[in-house]
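Converting from the sequence shown to the working numbering requires adding 28 to each position, the first position being numbered 1.
Using N, Cα and C, we set each Cβ at its ideal position, and we do this for glycine too.
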Amino acid sequence: MHTSKTSTRYRNDIDGLRAVAVILVILFHAGWTFFPTGFIGVDIFFVISGYLISGIILSQLRKGEFSFSKFLVHRLWRIQPALIVVSVVTLAASAMMFLPEDFLLFLNSAKYNAFFLSNQFFARQSATYASPDSNIFPLLHTWSLSVEWQWYLILPLCVLAGAWLSKRLKLTRQQSQNDRVLFILWLLITAVLAVVSLIITGKHPSQAYYFLATRAFEFTAGGSAFLLTRLVPTVRTPVASLLSIAAFSLLIMVALKPGVIGSYPNGYTLIIVTAAAVILFCGHYREKGVGYLLSRSPLVFIGKISYSLYLWHWPVFAFCRYMDIALTGVNLCLAISMIIGLSLVSYFFIEKPLRRRRPLLKVSLLQLVILPVALFCLLNPLAARYEGFPQRLGKHYIYQYKTLEHYANLAKNRDACLEREQNPAACQFGDMKANKTALLIGDSNSNHFWGFFDVLALDAHIRMTGLSASSCLTLPGVWQFDWWIYHNEPYTSCHQHTENYYDLIRKNHYDYVILGEIWEQYARGAYLINNTGDKRSDALSKERMNKAIRDALNIIISSGARPVIIKTISYMPSGYQECLRRQAIAQAEYTEKACDTPTQRTGDDPYTHDLFKQLQQEYPALIFIDPKDVQCPNGYCISEINTIPVFRDVGHLTDYASYHLGQAYLDKYGNPFK
Numbered sequence: 029m030h031t032s033k034t035s036t037r038y039r040n041d042i043d044g045l046r047a048v049a050v051i052l053v054i055l056f057h058a059g060w061t062f063f064p065t066g067f068i069g070v071d072i073f074f075v076i077s078g079y080l081i082s083g084i085i086l087s088q089l090r091k092g093e094f095s096f097s098k099f100l101v102h103r104l105w106r107i108q109p110a111l112i113v114v115s116v117v118t119l120a121a122s123a124m125m126f127l128p129e130d131f132l133l134f135l136n137s138a139k140y141n142a143f144f145l146s147n148q149f150f151a152r153q154s155a156t157y158a159s160p161d162s163n164i165f166p167l168l169h170t171w172s173l174s175v176e177w178q179w180y181l182i183l184p185l186c187v188l189a190g191a192w193l194s195k196r197l198k199l200t201r202q203q204s205q206n207d208r209v210l211f212i213l214w215l216l217i218t219a220v221l222a223v224v225s226l227i228i229t230g231k232h233p234s235q236a237y238y239f240l241a242t243r244a245f246e247f248t249a250g251g252s253a254f255l256l257t258r259l260v261p262t263v264r265t266p267v268a269s270l271l272s273i274a275a276f277s278l279l280i281m282v283a284l285k286p287g288v289i290g291s292y293p294n295g296y297t298l299i300i301v302t303a304a305a306v307i308l309f310c311g312h313y314r315e316k317g318v319g320y321l322l323s324r325s326p327l328v329f330i331g332k333i334s335y336s337l338y339l340w341h342w343p344v345f346a347f348c349r350y351m352d353i354a355l356t357g358v359n360l361c362l363a364i365s366m367i368i369g370l371s372l373v374s375y376f377f378i379e380k381p382l383r384r385r386r387p388l389l390k391v392s393l394l395q396l397v398i399l400p401v402a403l404f405c406l407l408n409p410l411a412a413r414y415e416g417f418p419q420r421l422g423k424h425y426i427y428q429y430k431t432l433e434h435y436a437n438l439a440k441n442r443d444a445c446l447e448r449e450q451n452p453a454a455c456q457f458g459d460m461k462a463n464k465t466a467l468l469i470g471d472s473n474s475n476h477f478w479g480f481f482d483v484l485a486l487d488a489h490i491r492m493t494g495l496s497a498s499s500c501l502t503l504p505g506v507w508q509f510d511w512w513i514y515h516n517e518p519y520t521s522c523h524q525h526t527e528n529y530y531d532l533i534r535k536n537h538y539d540y541v542i543l544g545e546i547w548e549q550y551a552r553g554a555y556l557i558n559n560t561g562d563k564r565s566d567a568l569s570k571e572r573m574n575k576a577i578r579d580a581l582n583i584i585i586s587s588g589a590r591p592v593i594i595k596t597i598s599y600m601p602s603g604y605q606e607c608l609r610r611q612a613i614a615q616a617e618y619t620e621k622a623c624d625t626p627t628q629r630t631g632d633d634p635y636t637h638d639l640f641k642q643l644q645q646e647y648p649a650l651i652f653i654d655p656k657d658v659q660c661p662n663g664y665c666i667s668e669i670n671t672i673p674v675f676r677d678v679g680h681l682t683d684y685a686s687y688h689l690g691q692a693y694l695d696k697y698g699n700p701f702k
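So, in structure tokens, the structure goes:
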């Protein structure tokens with residue numbers, strides 16, 4: 029049996045638990061599939077932080093020594109110096125490597141990080157945590173530090189309010205009674221915040237990962253574990269050991285379980301947080317189970333440098349991925365070695381020497397908050413003004429960049445008319461003085477054909493309007509359910525946009541209406557419904573799409589317009605963008621075939637092929653345009669035109685390519701609108 033004597037003594041088992049947390053995170057981010065849920069290390073860090081910071085504040089309050097300004101100074105010098113160094117080093121690396129738009133994105137993320145708001149920034153940038161696009165954000169991992177800082181600004185006020193309320197409600201003047209009331213309040217707050225977290229995740233599954241509101245209960249759970257140590261003076265060693273072993277086993281079991289990250293935080297988070305809190309509680313009594321294991325010197329040392337390891341591991345991985353360096357075998361070993369080296373330098377020369385500094389709050393704020401904010405607030409508009417400084421990347425890149433920029437300016441309203449701008453008057457192109465009119469609608473596949481149809485519309489003297497919505501099947505009468513980022517709910521804005529489009533068709537009597545979609549993706553899986561509560565299956569989706577596309581054609585023809593369907597392009601070959609990126613970073617002498625790897629043209633998806641064949645027979649007036657007819661001459665699909673990239677990303681054309689393919693189609697096949 030062990031007795032609790034003090035709540036503020038150093039506990040090496042906590043450093044050992046930090047080591048477990050950071051190892052899980054690093055292995056997960058390295059792509060090691062043995063721990064597919066290693067990201068739970070961040071949850072463990074939050075619980076540890078809640079335990080320690082609550083303990084510090086409550087212990088100082090009991091002694092009458094708590095000062096909010098001193099608390100902030102301590103936190104600032106503990107966290108900011110190493111973080112600022114990482115921010116500056118990643119700034120320098122990004123300036124050398126990143127393409128202009130990526131560099132601008134980095135600077136924006138660094139500005140939000142300086143304001144302790146990077147979690148809000150990355151919630152908007154990433155569809156989900158660990159999504160492919162997030163892999164190249166060097167400061168993505170700082171979302172957790174922003175959450176922690178936001179909690180640090182709230183926690184002291186919560187503790188002070190709880191302490192005040194417990195005193196107001198006390199029945200005696202005994203400290204144990206105050207502790208009991210405070211523990212009950214803290215536990216209730218934790219339960220409420222956990223419920224709030226699950227509710228928010230249900231409503232915002234793709235963004236909830238980054239929210240303070242979904243993470244707050246993890247900190248309060250740690251605080252609850254600390255308060256419980258005050259109420260329970262003794263615990264038998266075998267009991268504490270068994271509890272800690274059971275809790276640690278749960279942590280490892282969840283870390284080994286795949287598929288947990290979807291809609292996170294979720295029920296598994298409750299298990300992780302509870303298990304971590306139990307381990308911290310049991311370790312307080314020097315139990316001989318998990319606490320003994322976590323107190324071993326190697327784990328304790330890793331725990332001591334865990335903050336530096338956390339700070340450096342992600343930028344190293346992100347830059348490797350940006351340069352298309354596979355994190356396997358020797359490359360992974362070298363990356364891990366670099367992370368360890370940077371972390372040791374950071375810990376011994378930055379983190380450890382500066383963590384005990386205690387200048388005035390105003391001096392600390394100036395040095396560690398205001399100056400970094402000023403730096404990135406100045407760099408952002410400067411870089412934006414000079415378009416991300418493309419001159420960094422050599423003459424050929426400048427030529428490509430300026431050419432792409434010129435054609436992007438020709439299609440200047442295109443990007444705004446994808447989802448954001450749904451005003452028909454602001455989304456017109458072609459011959460603006462023409463009496464003949466056309467409407468182009470669909471998903472982003474229709475939007476990237478803006479230049480293609482601008483060429484045809486100018487030649488045929490048509491004033492064309494282009495309206496589109498991302499990943500949206502713009503056919504009447506169907507809803508997309510559990511689609512894209514809309515988990516367990518309908519894609520409502522798509523349905524609303526679609527209704528507006530067909531109202532325009534009925535009202536404006538266009539000469540042509542063009543439907544552009546990535547057709548093959550919508551009838552795969554159980555995503556299409558007609559009404560809430562409809563049964564869903566792959567077969568039903570195809571059946572509903574068959575009807576919806578015919579309904580669309582009937583509405584178009586009834587309005588007096590001629591329907592047009594444009595098919596999809598051939599997608600970007602694997603590794604193409606990475607090749608272009610490597611060429612730009614290395615400023616290598618350009619050779620025409622360096623990255624241009626023509627791929628063999630493939631036929632339409634079998635379902636869409638049969639569907640389009642049936643539609644052509646049923647609707648003789650229907651016009652089909654296949655961009656692959658000019659994208660894939662002689663059976664092979666090009667990826668460059670006059671050394672300029674065809675692809676903006678894996679499934680979308682650059683504006684340059686869109687205009688040039690439009691002209692190539694006009695030259696080879698004539699104008700389908702004449």
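Around the C-beta of Thr297, are 16 or more other C-beta atoms found within 10 angstroms, so that it is buried, or is it exposed? buried
How would you call Thr257, buried or exposed, if buried means at least 16 neighbouring beta carbons within 10 angstroms? buried
For Asp482, is the classification buried or exposed, using 16 other Cβ atoms within 10 angstroms of its Cβ as the cut-off for buried? buried
For Met460, is the classification buried or exposed, using 16 other Cβ atoms within 10 angstroms of its Cβ as the cut-off for buried? exposed
Per DSSP, what kind of secondary structure is Ser515 in: helix, strand or coil? Strictly speaking, residue 515 in this sequence is His, with Ser absent from that position. Of the three classes helix, strand and coil, the one that applies to His515 here is strand, per DSSP.
Reduced DSSP secondary structure (H/G/I, E/B, other) of Glu93: coil
To the nearest angstrom, how far is it from the Cα of Leu168 to the Cα of Thr627? 34 Å
For Ser686, name the three-state secondary structure that DSSP assigns. helix
Contact check, Ser252 vs Thr218, beta carbons under 8 Å: yes
When the distance is taken between beta carbons, is Ser82 closer than 8 Å to Gly295? no
Leu468, enclosing beta strand (DSSP E) - first and last residue: Lys464 to Gly470
Taking the alpha helix (DSSP H) that Gly319 falls in, what are its first and last residues? Val318 to Leu322
Check Phe134 in the structure and name its three-state DSSP category. helix
Own chain residues within Cβ distance below 8 Å of Lys696, not counting five before or after: Asp657 and Val658
Three-state secondary structure (DSSP) of Gly250: helix
Using a 10 Å radius around the Cβ and a threshold of 16 neighbouring Cβ atoms, would you call Glu571 buried or exposed? exposed
Given Leu327, which residues of its chain have a CB within under 6 Å of its CB, disregarding the five upstream and five downstream residues? Gly44 and Ala47
Taking all protein chains shown into account, do 16 or more other C-beta atoms lie within 10 angstroms of the C-beta of Glu129, making it buried, or fewer, making it exposed? exposed
Between the alpha carbons of Tyr313 and Met124, how many angstroms are there, rounded? 52 Å
Enumerate in chain order the residues of its own chain whose CB-to-CB distance from Glu447 is below 6 Å, with the five nearest sequence positions on each side excluded. Ala497 and Ser498
Top-ranked residue by Cα proximity to Ser392, from Lys98, Gly698, Ile72 and Ile42: Lys98
Could you tell me which of Leu255, Thr118, Phe247 and Arg103 sits nearest to Arg90, measuring between CA atoms? Leu255
From Pro343 to Ala305, what distance separates their C-alpha atoms? 30 Å
Nearest neighbour of Thr630, chosen from Gln611, Cys623, Leu639 and Thr596 [CA to CA]: Thr596
Is Leu432 near Gln615, with beta carbons less than 8 Å apart? no
Sequence-distant residues of the same chain with beta carbon closer than 6 Å to Tyr180, five excluded per side: Arg103
Using a threshold of 8 Å, state whether the C-beta atoms of Leu279 and Ile300 are closer than that. yes
For His680, list the residues DSSP reports as bridge partners. Asp677
What is the residue span of the alpha helix (DSSP H) that Tyr435 lies within? Lys423 to Leu438
Through-space distance from Ala363 to Pro160, alpha-carbon basis: Caution is warranted here: a pLDDT of 44 is assigned to Pro160, below 50, making its placement in the model unreliable, and the coordinate value is therefore given only provisionally. When rounded, the distance between both Cα atoms is 19 Å.
Three-state secondary structure (DSSP) of Gly553: coil
Asp510, DSSP secondary structure in three states: strand
Quick check: Ala110 and Ser334, are their CB atoms within less than 8 Å of each other? no
Measure the C-alpha to C-alpha separation of Ile533 and Leu127 and round it to an integer number of angstroms. 41 Å
My output table needs one value for Arg442: the three-state DSSP class, helix, strand or coil. coil
Assign Thr560 to one of two classes, buried (16 or more other C-beta atoms within 10 Å of its C-beta) or exposed (fewer than that). exposed
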